[in-house]
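To keep things clear, I will list the structure first and then write my remarks on it.
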Amino acid sequence: MPPKEKNIVLQVSIVVAAWLCFFMLPFQFFYYDKTRSPFASQRFITMFIASNLLLVCFYYLNSKVFIPKLLAVKKIAQYIASIFLCFFLYLSVMYAIMVTSEETKTFAQSVAGRSINYKGPYFFSGGAVTLFLIAFLVSTGIKVITQWFTAEEIKEEISKQQLQTELSLLKTQVNPHFLFNTLNSIYSLAIANNQKTADAVMKLSRIMRYTLEDCQGNDVALQQEIDFINSYIELQKLRITNNNAVCFTITGNISSARIAPFVFIPFIENAFKYGTSTHRPSSIKAMVDVSPQAITFTCENHLQANGKSKAEGTGTGINNTKRRLELLYYKKHELKITTEEHLYKVSLTINLN
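4 is the number of the first residue of the sequence shown in the working numbering; add one for each residue after it.
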């Protein structure tokens with residue numbers, strides 16, 4: 004049996020068992036001669052059937068109509084009036100059955116019966132009031148608790164949708180920012196009439212295919228992300244001079260690892276933008292290390308004069324990445340951005356456990 008059907012069967016079984024237990028309560032609260040079967044008493048049978056029918060109707064009337072239509076919309080006076088009306092109707096029916104029963108009339112003529120005031124506290128302290136209160140409290144309690152859980156589920160779903168919307172927005176902000184910088188690189192090649200321009204456009208097409216088609220979800224295979232980074236690095240190498248050394252290494256088993264897309268690229272992009280030079284030696288060293296417990300990314304580059312203002316990582320792409328990391332890997336990541344002399348260092352560890 005599928006899990007969903009099992010859940011339905013379990014819920015129905017609980018409801019049926021609860022009602023059966025409730026139907027047994029009249030045997031405790033209704034008066035009958037304990038020396039014989041309760042079903043030998045016509046009065047007990049009539050009160051048993053009428054009480055259970057009325058209480059079942061009241062239970063669902065309170066749960067399905069009074070609470071959602073009155074109490075939930077703060078019509079307190081109408082709700083209380085409706086409950087008292089049902090209470091009066093129920094007691095009236097029970098009282099009418101009891102006082103019109105031949106058994107009651109016969110008992111009333113006895114010595115013990117003459118001492119009882121059937122119109123006073125004796126009746127209102129009996130089982131009918133208790134049963135009504137049980138039905139009222141249980142139906143109200145279950146409905147209120149159910150609505151609370153439903154409201155919490157709705158709030159959680161709304162929160163998830165808002166989170167997904169924010170993540171999608173952040174990703175859409177990262178992509179144009181990244182593509183804008185990449186197009187600037189190709190533009191610089193075209194201005195110089197560089198023969199590498201055609202190759203750069205081809206690499207850009209592969210990058211765009213990845214950004215537009217392959218990474219629509221919240222995570223991708225780490226191998227795909229690394230291939231994307233390699234394509235970007237190869238594209239950037241077409242524009243930088245030979246005095247800029249670039250090294251990107253991978254260690255560990257990446258075959259089964261998955262990661263959110265575009266969490267590494269803003270740091271590498273930042274390194275190329277502010278860590279390369281046309282007239283002085285510089286280097287960029289990036290590494291991805293994969294272990295069963297974590298993925299660790301490090302990036303280190305020489306900090307050129309025009310990049311000092313970015314030393315603390317305040318660029319749009321990096322700020323968006325920080326926010327995405329907070330949303331996707333809350334309390335499961337550690338990001339450190341430091342500047343040591345003329346070196347700009349990034350260390351990002353994502354916990355896989």
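Think of the CB as a built atom: it goes at the ideal place given N, C-alpha and C, for glycine as much as any other residue.
>> Do A289 and F251 have their beta-carbon atoms positioned less than 9 Å apart in this structure?
In response: yes
> So who's on the other strand from H305, going by DSSP bridges?
Replying inline: L346
> Using the beta-carbon count (16 or more within 10 Å), is G278 buried or exposed?
Replying inline: buried
>> Assess contact between the region 219–236 and the region 333–345, defined as three or more Cβ pairs (one per stretch) separated by less than 8 Å. Is contact present?
In response: no
> What did DSSP end up calling A75 once you bin it into helix, strand or coil?
Replying inline: coil
> On the premise that H336 lies in contact with N322, defined as a C-beta separation below 8 Å, what is that separation, rounded to the nearest angstrom?
Replying inline: Actually they do not touch by this definition, with Cβ atoms about 15 Å apart.
> First and last residue of the alpha helix (DSSP H) that includes D222?
Replying inline: Taken as a continuous stretch (DSSP letters only), D222 belongs to no alpha helix (DSSP H), as it is neither H nor E.
>> So, for L207: in the same chain, excluding its five sequence neighbours on each side, which residues have a beta-carbon less than 7 Å away from its beta-carbon?
In response: T185, I189, L238
>> Just verifying my parser: in three-state terms, what is the DSSP assignment at R261?
In response: strand
>> Beta-carbon within less than 6 Å of T299's beta-carbon, same chain only, minus the 5 sequence neighbours each way: which residues are those?
In response: D292, T352
> Over what stretch of residues does the alpha helix (DSSP H) that includes A289 continue unbroken?
Replying inline: Element bounds for A289: not the alpha helix (DSSP H) but the beta strand (DSSP E), 285–293.
> Hey, Y53 and M97: beta-carbon distance below 9 Å or not?
Replying inline: Sequence inspection shows Ala at residue 53; the Tyr mentioned does not correspond to that position. A contact, by the Cβ cut-off of 9 Å.
> What is the DSSP secondary structure of L241, reduced to helix, strand or coil?
Replying inline: coil
> Do the CB positions of A274 and A224 come within less than 9 Å of each other?
Replying inline: no
>> Rounding to the nearest angstrom, what Cα-Cα distance links Y347 and R283 in this structure?
In response: 16 Å
>> Starting from N247, trace the beta strand (DSSP E) in both directions and tell me its first and last residue.
In response: 247–254
>> Here's the rule: buried if 16 or more other CB atoms are within 10 angstroms of the residue's CB, otherwise exposed. What is V15?
In response: exposed
> What number of angstroms, rounded off, separates the C-alpha of G144 from the C-alpha of N55?
Replying inline: 19 Å
> At what residues does the alpha helix (DSSP H) containing L56 begin and finish?
Replying inline: 45–64
> Name the DSSP beta bridge partners of L340, please?
Replying inline: Per the sequence presented here, residue 340 reads as Ile, with Leu not at that position. In DSSP, I340 forms a bridge with V349.
> For A131 versus L94, is the C-beta distance shorter than 9 Å?
Replying inline: yes
> For S285, which residues of its own chain have a beta-carbon under 8 Å away from its beta-carbon, when the five flanking residues on both sides are left out?
Replying inline: N246, N247, A248, G278, T279, N304, H305, Q307
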